[in-house]
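Asker: Can you keep this structure in mind? I'll have questions shortly.
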Amino acid sequence: MERSVWSESIASALLRKHNLRVTTPRVAICMRLLEKHCHYTAQQLHAELSPSHAGLSPNTVYLTLNQLAAVGMIRSFRLAGNTIFDSNISTHDHAHCRECNQLLDLPSEHLDKPMGLESWVLEWGTRIWSGTCPSCKDRQNQET
Ligand SMILES: [Zn+2]
Ligand SMILES: [Zn+2]
């Protein structure tokens, strides 16, 4: 249980740092997002948290994720009609497999400022590469 106390205090501190009131749902959501770099839709995160957080509504999860994104604690982007919330806040690209729906972070060292935006102060951006991952490609090759 030591670890969860530790991450709970970090989550609370982060919320306070961003002038967000520390509430039980916010702490639970932050802790889950801080565990590792991950991508969630609000529905996915609600499904994961609701067994251990009775009474947590999908709407609370959705609003909280948007608040965290608004203050820059997480990022959000649109993918295939869904809003994806990303706990990796460094600039990075994504690869999305259209077969199995997996979403990978790509290393970002090579990402320069896009042409034409040299004089902008940029916060964040991502490109999404869409296609078929190696294991889905292998499965398709076996089926045909
Ligand atoms: Zn795949
Ligand atoms: Zn990502």
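Residue numbers (my numbering): 2 to 145. Backbone N, C-alpha and C define an ideal beta-carbon position, used for all residues, glycine too. Predicted model, so just to flag it, every value in this text is computed and none were measured.
1) Using CA coordinates, which residue listed in Arg-33, Asn-67 and Ser-8 is at the minimum distance from Ser-152?
2) Pop quiz: His-97 and Trp-130 are said to be a contact at Cβ under 8 Å. What is the actual Cβ separation, rounded to whole angstroms?
3) Three Cβ pairs or more, each shorter than 8 Å: is that satisfied between the region 73–87 and the region 119–139?
4) Select from Ser-136, Glu-119, Glu-144 and Ser-91 the residue whose C-alpha is nearest the C-alpha of Met-74.
5) Say yes only if the C-beta of Thr-61 is nearer than 8 Å to one or more non-hydrogen atoms of ligand 2, and no if none qualify.
6) Who are the near neighbours of Pro-108 in its chain, counting only those whose CB is closer than 8 Å to its CB and skipping five residues on each side?
7) For ligand 2, enumerate in chain order all residues having a CB closer than 6 Å to any of its heavy atoms.
8) So Gln-68 and Leu-118 are in contact, right, with Cβ under 8 Å, and what is the actual spacing, rounded?
9) For Lys-114, which residues in the same chain have their Cβ closer than 7 Å to its Cβ, ignoring the five residues on either side in sequence?
10) Which of the three DSSP states, helix, strand or coil, is assigned to Leu-15?
Answerer: By the coordinates alone:
1) Residue numbering for the chain in the displayed model covers 2 to 145; residue 152 lies beyond these limits and cannot be assessed.
2) The C-beta separation of His-97 from Trp-130 comes to about 7 Å, placing the pair in contact by the 8 Å criterion.
3) yes
4) Checking every option, the nearest Cα to that of Met-74 belongs to Ser-91.
5) Outside the cutoff, so no.
6) His-93
7) Result: His-40, Asp-87, Asn-89, His-93, His-95 and Asp-106.
8) Contact flag wrong, Cβ pair sits at about 27 Å.
9) Around Lys-114: Leu-123.
10) helix
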